[in-house]
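I have placed the structure first, in the form of structure tokens, so that the comments after it can refer back to it.
Protein chains: 2
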Amino acid sequence: MLNNSQYIKKLRNSGLRPTKQRIKICEVLFNTDKTFHFTINELVTRISKVSDDKISLATVYNTVHSFKKKGYLKEIPINSDQSYFDTNTSHHHHFYDEGQKNLIDIDDADVEPVKINTKIPGKRIKSVEVLVKVEDDKS
Amino acid sequence: MLNNSQYIKKLRNSGLRPTKQRIKICEVLFNTDKTFHFTINELVTRISKVSDDKISLATVYNTVHSFKKKGYLKEIPINSDQSYFDTNTSHHHHFYDEGQKNLIDIDDADVEPVKINTKIPGKRIKSVEVLVKVEDDKS
DNA sequence: CAATAGTTTAGAACAATTATAATGTAGAAA
DNA sequence: TTTCTACATTATAATTGTTCTAAACTATTG
Ligand SMILES: [Mn+2]
Ligand SMILES: [Mn+2]
Ligand SMILES: [Zn+2]
Ligand SMILES: [Zn+2]
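Protein chains in written order, with my numbering: chain A, 1 to 139; chain B, 1001 to 1139.
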């Protein structure tokens, strides 16, 4: 929930020039109370809804990738057809409804620490993410 | 670790005609002690190494998809670029080394039951899978 | 056998993503 | 302010993984 001048600062601090395209994408992605998940095409649609002048598809891809590199977005491997991105960059988990193709956050606090009783020599754990697949409860 | 006539039975029992292509793919996928992960292209390579006559790419795709549908393979969402498949169809978890793009099984017994302290109304949990990202332990 | 439904195949089509190369622009230097 | 330059955007082409098509082939049944 920042205003444009704050996005400009944020971009500059990241070493990214605050172009009008990047600022617009910041607004669409971050100017909201709730975080959300999106595909590139969904993002393009959102952008076109709030803005008259269009941003080229290449720029949307470029921007999403640089935001991911800077840590402002996470990529979520759910579907091998399309990349899903997440504006929630905190450590968290997901419910996924394969039927509805619906992805819902699970707060890290709502998952008790996962104990892994094995390890790989020479490797250290970087993150532990839980994916909970759900289905309709037609009991 | 079955022989051809057992694959033929298995295929027939699944309602799949035991063609020589499907039998060959069964051999490559299941005639081994260890389960493994693969992409379609890696499978095509494996096939061409053990066989003179080639199986068309379309058939490899078709077969992998029907085996997945029959429950003989699982698809693993690791990478949004390419589909990864797993000949280990038991419930288990994964270590993933993003650097080496290396995927290693974690036995279900090596992960203590994951407690999720939240739920979605009207939905029931179908599975809980843990992805542990690892990196080089350069300490 | 002959008939038929299922299968394989080469290649076309498709969709997501990335590369290209020309044009535009933000920021710094003059 | 003007100029310069590295960075950014864009339209479009290229690439890649995957699916579709429709013709040829084959396992199975009668
Ligand atoms: Mn798929
Ligand atoms: Mn990707
Ligand atoms: Zn999320
Ligand atoms: Zn596995």
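From the three backbone atoms N, C-alpha and C, an ideal C-beta is built for every residue, glycine too.
Can you give the Cα-Cα distance for lysine 68/A and tyrosine 61/A, rounded to whole angstroms?
-> 11 Å
Would you verify that the beta carbon of glutamate 1042/B is, or is not, closer than 8 Å to some beta carbon of chain A?
-> no
Cβ neighbours of valine 128/A in the same chain (closer than 8 Å, five flanking residues each side left out) | Val114 and Ile116
Give a yes or no on contact between the region 48-55 of chain A and the region 91-98 of chain A, applying the rule of three or more CB pairs nearer than 8 Å.
-> no
In its own chain, which residues sit with a C-beta less than 7 Å from the C-beta of histidine 1092/B, not counting the 5 before and 5 after it?
-> Asp1105, Ile1106, Asp1107 and Asp1108
Residue range of the beta strand (DSSP E) that glutamate 129/A falls in?
-> 123-136
Tell me whether valine 1050/B is buried or exposed, calling it buried when 16 or more other Cβ atoms sit within 10 Å of its Cβ.
-> exposed
Return the CA-CA distance between proline 77/A and asparagine 1079/B, expressed in angstroms with no decimal places.
-> 6 Å
Does DSSP classify asparagine 13/A as helix, strand or coil?
-> helix
Neighbouring residues, chain A, relative to lysine 1126/B (Cβ below 7 Å) = Lys133, Val134 and Glu135
State the DSSP-derived secondary structure class of histidine 93/A, mapped to helix, strand or coil.
-> strand
Are three or more beta carbon pairs between the region 1116-1126 of chain B and the region 1001-1021 of chain B nearer than 8 Å?
-> no
Endpoints, beta strand (DSSP E) assigned at isoleucine 76/A | 74-76
Report the neighbours of lysine 1101/B on chain A: residues whose CB is nearer than 7 Å to its CB, in chain order.
-> Within chain A, no residue comes near lysine 1101/B; the closest Cβ sits about 12 Å away, beyond 7 Å.
When the cut-off is 8 Å and only beta carbons count, does proline 18/A lie next to chain B?
-> no
May I have the straight-line CA-CA distance separating serine 83/A from leucine 1043/B, to the nearest angstrom?
-> 23 Å
Using a Cβ cut-off of 8 Å (strictly closer), state whether asparagine 1062/B contacts chain A.
-> no
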